[in-house]
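Colleague: Residue numbers (the working numbering): 10 to 138.
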């Protein structure tokens, strides 16, 4: 069985997925043959003024701010800044700047990348179900 060794994806061909309100993202797996254990690269675009609830992830991740700005807790981040967090590290809320924000996130393990809500946000989500 032949395996793919190279793939070019142009901006016009990115398959965007609607996330929560004001968020869209595209996911790329570093090993498309192993969607569970492959590292995942997420390109996410946040609309101006959006707020993301406090959360964590079940794997390590690194986030690069490509464009715009965001405030995580009390710390401001802008284009060119990098955030790194170990699995289980809580953070937030994330407040998106007035110009919006585009980020590139690398998750250690695709199957563990989903956000896990924390604190009041977790309680609100449970009550809504």
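Note that CB positions come from ideal geometry on N, CA and C, so glycine has one too.
Model, not experiment: these values are computed from the prediction.
1) Could you tell me which uninterrupted beta strand (DSSP E) segments, each at least 3 residues in length, are contained entirely in the region 18-64, listed from first to last along the chain?
2) Does the count of Cβ pairs from the region 110-124 and the region 66-77 closer than 8 angstroms reach three?
3) Going straight from the alpha carbon of residue 101 to that of residue 24, what length do you get?
4) Do you know offhand how far residue 39's Cα is from residue 106's?
5) Using a 10 Å radius around the Cβ and a threshold of 16 neighbouring Cβ atoms, would you call residue 10 buried or exposed?
6) Out of 124, 99 and 108, state which residue places its alpha-carbon closest to the alpha-carbon of residue 88.
Modeller: In short, the structure shows the following:
1) DSSP assignment within the region 18-64 yields the following whole beta strand (DSSP E) runs of 3 residues or more, N-terminal first: 32-38 and 49-55.
2) The region 110-124, when compared against the region 66-77, does touch it at the 8 angstroms Cβ threshold.
3) Looking at the two C-alpha atoms, the distance is approximately 27 angstroms.
4) Between the C-alpha atoms of residue 39 and residue 106 there is a straight-line separation of about 30 angstroms.
5) Residue confidence is low: residue 10 scores 43 on pLDDT, short of 50, so the model does not pin down where it sits. No coordinate-derived value is stated.
6) With distances taken between Cα atoms, residue 88 lies closest to 108.
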